[in-house]
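K.L.:
In my numbering, each residue carries its 1-based index in the sequence shown increased by 124.
Note that the Cβ used here is the ideal one computed from N, Cα and C, for glycine as well.
Predicted, not measured: the structure shown is a model, and the values here were computed from it.
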Amino acid sequence: MPPLCSRLQTSAPWHFRVTILLLSATFSELLIAMAKSLEVSPMKSLAEELDFVRKSFREAIHAYSTRIETQLTLIRDRVIEQTKNPNVSPARIRDLRDMITLCRTLDLKPEKGRRKDFKKIDALMEELHLLIQNW
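1. Would you decide whether D175 is buried or exposed? Buried here means 16 or more other CB atoms lie within 10 Å of its CB.
2. Taking Cβ to Cβ, would you say K233 is nearer than 8 Å to D241?
3. How far does the alpha helix (DSSP H) with Q195 in it reach, from first residue to last?
4. Please look up how many angstroms separate the CB atoms of L252 and M223, rounded, as I've assumed it's under 8 Å.
5. Taking the alpha-carbon of L220 as reference, which of L230, G237, I199, R239 has the nearest alpha-carbon?
6. How many Å lie between V212 and W259 at the Cα?
7. Between the Cα of L230 and those of K208, I217, R238, L248, spot the shortest distance and give me the residue it belongs to.
8. Report the rounded CA-to-CA distance for T207 versus K244, giving the unit in angstroms.
9. To the nearest angstrom, how far is the alpha carbon of S169 from that of I192?
10. Going by DSSP, what residue range makes up the alpha helix (DSSP H) through P234?
11. When you compare only the Cα positions, how much space is there between I256 and R178?
12. Sorted by chain position, which residues of the same chain lie with C-beta nearer than 8 Å to T197's C-beta, five sequence neighbours on each side aside?
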């Protein structure tokens, strides 16, 4: 097994939240970057941490949005497939009516940007998924 120093030098790039820089993987550069990060003022460190939190928040919102939009598209496609079937069962028609009611009664206030709205959307997705999984 190679010594630790050579393994660190050949590994993938490192990312330190303290410096928020993508560092090359050479050990000496890593030590220099760590030493410099200790010299940074607490205000600058906090500002960098807040930037990191902001970036993470944006990524989380983007991932959530992508997931919900994908689920909506899949449900919509599944419903559209049903239009090709001329003999729709009464149970399926009831499911479709229930789905319409769920969508129409969804009370959101997007301008307020509350977590409560996201929870309502998640609950709607679960309900719609439960209704179409029996098709």
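P.N.:
Straight from the coordinates:
1. Taking all protein chains shown into account, D175 has fewer than 16 neighbouring C-beta atoms within 10 Å of its C-beta and is therefore exposed.
2. yes
3. 166-206
4. Rounded, the Cβ-Cβ distance is 6 Å, consistent with contact.
5. I199
6. 11 Å
7. L248
8. 28 Å
9. 35 Å
10. Where P234 is concerned, there is no enclosing alpha helix (DSSP H), given that its DSSP letter is neither H nor E.
11. 37 Å
12. Closer than 8 Å at the Cβ level, and outside the excluded window around T197, lies no residue.
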